[in-house]
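Here is the structure we will look at, set down as structure tokens.
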Amino acid sequence: MDLNSFGKHCALQSCNVLDFLPIQCSCLQWFCKLHVTPDLHDCPSVQHHSPESSSTSLRSKCAVVGCNKPPLATGVAAADLTGDGESVPSGCSGCQLSFCVDHRHMQSHSCAGLVIGKDDVKHEAARAMLAQTFLATGTPTSHTPVVTRRSTKLSSDLKVLAQLQKVNLMKLRHKAVPADPKDRGSVVPVDQRIHVIVRLEILGQSKKEIVLWFRKTTVTDKALDLVVQHFGVSHTVSTLRLEQLSAEIGSHVLQNHLELAGQLEDGSTVVLTDSCSNGES
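See the structure below:
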């Protein structure tokens, strides 16, 4: 195989190295990466063009901050290199920017295309979270049976998901009833409330679901008592507990001595359960 057909020799006579990634200068000659800079090969184009007129003819710098090397030739016909008449791909395929020969690989310029996989994971987590908390349409009652969630294909765009989450939270706030009977008829600012989807999942009892709002200063132990009253549970309170359901971290038991708002986000889902329902003795 004749390697000369796949590259070009540096036009600088003192170099003449065979380069498989040659760079074309504005003087239309091909050079290796070490001699492509106009002042390194006495480029005639520098003498015939003013800085203003040469700004479009001379190649821009590498997109990496601090690197002054010229980027690889863009829009160069591959026929000049291989004779097959096909065009040479220009720029990085991940971020579409132009780089010099030293920074052409994605890893060498921290290409944004390398984090697409991580963004997909975030999208999946966001979709799962919204799918978990999206309530099916129905008539709000004090004790609403558990309903089947709507199966809907949510957009992978995080901005759209965030907007949907805001809309869902507004629906929850409209549907929520005060957990503390003393707050009925009172005017508690929305920013001082936390809205929670509460499910009843105790062995031997019908599953139920209700949306409640608590004052953010409510301690979890007090919230547990209020939830028990709403569901009319007759179990011994000492065996009951509240568990948070999360698409990201699974379920975990809330600490009774801490404030509810310090352990949950607005719109979270919790389950009222007992040790027997979880297989504990």
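Heads up, the sequence shown is in our numbering, so the first residue is 2 and it goes up one at a time.
Where is the CB? At the ideal position from N, CA and C, for every residue including glycine.
If you're wondering where the values come from, they're calculated on a predicted model, not measured in any experiment.
Checklist entry - Nearest to residue 269 by alpha carbon, out of 218, 223, 174, 189? => result Locating residue 269 in the sequence shown gives position 268, counting from the first residue. Of the candidates 218, 223, 174, 189, the one whose C-alpha sits nearest the C-alpha of residue 269 is 174.
Checklist entry - Which residue from 224, 96, 72, 183 puts its Cα closest to that of residue 103? => result To locate residue 103, count along the sequence shown from 1; it is residue 102. The shortest Cα separation from residue 103 among 224, 96, 72, 183 belongs to 72.
Checklist entry - If you compare alpha carbons, which of 223, 229, 218, 226 is closest to residue 262? => result As a position in the sequence shown, residue 262 is number 261, starting the count at 1. With respect to the C-alpha of residue 262, the residue from 223, 229, 218, 226 having the closest C-alpha is 218.
Item to check | Local Cβ density within 10 Å of residue 97, reported as buried at 16 or more and exposed below that | outcome: On the sequence shown, position 96 is the one that residue 97 refers to. It counts as exposed.
Item to check | Chain-order list of residues whose beta-carbon lies under 6 Å from that of residue 170 (same chain, five-residue window excluded) | outcome: The residue you call residue 170 lines up with position 169 of the sequence shown. Here the set comprises 268.
Checklist entry - According to DSSP, what are the bridge partners of residue 233? => result Within the sequence shown, the letter at position 232 stands for residue 233. DSSP, once it has assigned bridges, lists no residue as partnering residue 233.
Checklist entry - Quick one: any contact between the region 202 to 209 and the region 177 to 192, if contact means 3 or more CB pairs under 8 Å? => result A contact is defined here as three or more CB-CB pairs under 8 Å, and the region 202 to 209 fails this definition with respect to the region 177 to 192.
Checklist entry - With 16 other CB atoms within 10 Å as the buried threshold, where does residue 163 fall? => result The residue given as residue 163 occupies position 162 in the sequence shown. Residue 163 should be labelled exposed.
Checklist entry - Can you tell me the Cα-Cα spacing of residue 67 and residue 109, whole angstroms? => result Working through the sequence shown from its first residue, we reach residue 67 at position 66. Working through the sequence shown from its first residue, we reach residue 109 at position 108. Looking at the two C-alpha atoms, the distance is approximately 14 Å.
Item to check | Endpoints, alpha helix (DSSP H) assigned at residue 102 | outcome: Position 101 of the sequence shown, counted from the first residue, corresponds to residue 102. Premise fails: residue 102 is in no alpha helix (DSSP H) and is neither H nor E.
Item to check | Among 228, 272, 233, the one whose alpha carbon lies nearest that of residue 178 | outcome: Taking the first residue of the sequence shown as position 1, residue 178 is located at position 177. Of 228, 272, 233, the smallest CA-CA separation from residue 178 is found for 228.
Next on the checklist: Quick check: what's the CA-CA separation for residue 151 versus residue 22?
Outcome noted: Mapped onto the sequence shown, residue 151 falls at position 150. Mapped onto the sequence shown, residue 22 falls at position 21. Bear in mind that a pLDDT of 44 at residue 151, under 50, signals an unreliable position, so the model cannot answer this.
Checklist entry - In this structure, does DSSP put residue 54 in helix, strand or coil? => result Along the sequence shown, one-based indexing puts residue 54 at 53. Residue confidence for residue 54 is low, a pLDDT of 44 falling below 50, so the modelled location carries little weight and cannot support an answer.
Item to check | Where residue 276 sits in the DSSP three-state scheme | outcome: Position 275 of the sequence shown, counted from the first residue, corresponds to residue 276. Three-state result, residue 276: coil.
Item to check | Beta-carbon gap between residue 201 and residue 273 smaller than 8 Å | outcome: For the purposes of this step, residue 201 is taken as the residue at position 200 of the sequence shown. For the purposes of this step, residue 273 is taken as the residue at position 272 of the sequence shown. In this structure, residue 201 sits near residue 273, with a CB-CB distance shorter than 8 Å.
Next on the checklist: My assumption, with CB atoms under 8 Å, is that residue 13 sits in contact with residue 32. Please give the rounded CB distance.
Outcome noted: The sequence position of residue 13 within the sequence shown is 12, counting from 1. The sequence position of residue 32 within the sequence shown is 31, counting from 1. Contact holds; Cβ gap of about 6 Å.
Item to check | residue 242 versus 45, 17, 224, residue with shortest Cα-Cα distance | outcome: Sequence index remark: in the sequence shown, residue 242 carries index 241 (1-based). Looking at the Cα atoms, 224 is the closest of the given residues.
Checklist entry - For residue 30, which residues of its own chain have a beta-carbon under 6 Å away from its beta-carbon, when the five flanking residues on both sides are left out? => result Counted from its first residue, the sequence shown places residue 30 at position 29. Only 12 meet the Cβ criterion.
Checklist entry - Within this structure, are the beta carbons of residue 15 and residue 27 separated by less than 8 Å? => result For the purposes of this step, residue 15 is taken as residue 14 along the sequence shown, with counting starting at 1. For the purposes of this step, residue 27 is taken as residue 26 along the sequence shown, with counting starting at 1. It is not a contact, given that the beta carbons lie outside the stated cut-off.
Next on the checklist: Counting C-beta neighbours from all protein chains within 10 Å, is the total for residue 40 16 or more, i.e. buried, or is it exposed?
Outcome noted: By 1-based counting over the sequence shown, the position of residue 40 is 39. A residue is called buried once 16 or more other Cβ atoms fall within 10 Å of its Cβ, and residue 40, having fewer, is exposed.
Checklist entry - Between residue 44 and residue 70, what straight-line distance do the alpha-carbon atoms span, to the nearest angstrom? => result In the sequence shown, counting from the first residue as 1, residue 44 sits at position 43. In the sequence shown, counting from the first residue as 1, residue 70 sits at position 69. Their backbone Cα atoms lie some 16 Å apart in a straight line.
Item to check | As assigned by DSSP and simplified to three states, the class of residue 185 | outcome: By 1-based counting over the sequence shown, the position of residue 185 is 184. DSSP places residue 185 in coil when its eight states are reduced to three.
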